[in-house]
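**Q** After the structure tokens below, expect a handful of questions from me.
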Amino acid sequence: MLARLQRLIRGFTPGGPAKPRYVFDETDHRVAAAGLLVYAMNVDGVQSPAEKKRVESLIQERFSLDADETRALLAAADKRNRDALDFNDFTGIVKRAYNLEGRERIIEMMWETVFADKALHEFEDNLVWRVAEELGVPAQTRNAIRNRVAEHNGVTLPEAGE
Numbered sequence: 001m002l003a004r005l006q007r008l009i010r011g012f013t014p015g016g017p018a019k020p021r022y023v024f025d026e027t028d029h030r031v032a033a034a035g036l037l038v039y040a041m042n043v044d045g046v047q048s049p050a051e052k053k054r055v056e057s058l059i060q061e062r063f064s065l066d067a068d069e070t071r072a073l074l075a076a077a078d079k080r081n082r083d084a085l086d087f088n089d090f091t092g093i094v095k096r097a098y099n100l101e102g103r104e105r106i107i108e109m110m111w112e113t114v115f116a117d118k119a120l121h122e123f124e125d126n127l128v129w130r131v132a133e134e135l136g137v138p139a140q141t142r143n144a145i146r147n148r149v150a151e152h153n154g155v156t157l158p159e160a161g162e
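Each residue of the sequence shown is one higher than the last, beginning at 1 in full-length UniProt numbering.
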């Protein structure tokens, strides 16, 4: 609602409506966070429609973006992802931009992304584990988030040792 009000007010500024803020540069923490989600979506080699839709909704909700801004951010994240050597191109930015609670939320968003297709691939599991380590999210917290998000999404996790 606040975003709509801001757009309405911008529409009444002298010189007409302000241009939308659709430009996201590669050092923007939102591009880095979205880049991690795109990386997670693609790590198993299959980008399912469910994962793509979930990433879009997570980004839109997390950053209070409208549909056009969401598409622009995801396009920037996708481009940045293609240019990145690996996920470490994103973790440094995320670690500097977010406190521990914010980094835990990014890990939760990654689990939401990988569980969107109701399956867990070993590459996805390993990726989120490694990103959580890089972000300083404790293993116990990462596992608690994983279990909670899996249960919420109806995903059965393998038993320990499987």
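Note that CB positions come from ideal geometry on N, CA and C, so glycine has one too.
Please read all numbers here as calculations on a predicted model, not as lab measurements.
According to the Cβ coordinates, are Phe115 and Asn153 closer than 8 Å?
**A** Yes, Cβ-Cβ distance for Phe115 and Asn153 is below 8 Å.
**Q** Please determine if the region 82–100 and the region 56–74 are in contact, where contact requires at least 3 C-beta pairs separated by less than 8 Å.
**A** Verdict: no, contact absent.
**Q** Can you tell me where the alpha helix (DSSP H) holding Asp66 begins and where it ends?
**A** Here Asp66 belongs to no alpha helix (DSSP H), and DSSP marks it neither H nor E.
**Q** Given Phe24, which residues of its chain have a CB within under 7 Å of its CB, disregarding the five upstream and five downstream residues?
**A** Cβ neighbours of Phe24 beyond the five flanking positions: Arg30, Val31, Ala72, Leu73, Ala76.
**Q** Looking at C-alpha atoms only, which residue of Thr27, His121, Pro138 is the closest neighbour of Ser48?
**A** The option with the nearest alpha carbon to Ser48 is His121.
**Q** Write down every uninterrupted run of the alpha helix (DSSP H) in the UniProt domain "Co-chaperone DjlA N-terminal" (31–146) whose length is 4 residues or greater and which is fully enclosed by it, in chain order.
**A** Correct list: 49–63, 67–83, 88–97, 100–115, 122–135.
**Q** Drop a sphere of 10 angstroms on the beta-carbon of residue 169, count the other beta-carbons inside from all chains shown, and report buried for 16 or more, exposed for fewer.
**A** It is not possible to answer for residue 169, since the shown part of the chain is limited to 1 through 162.
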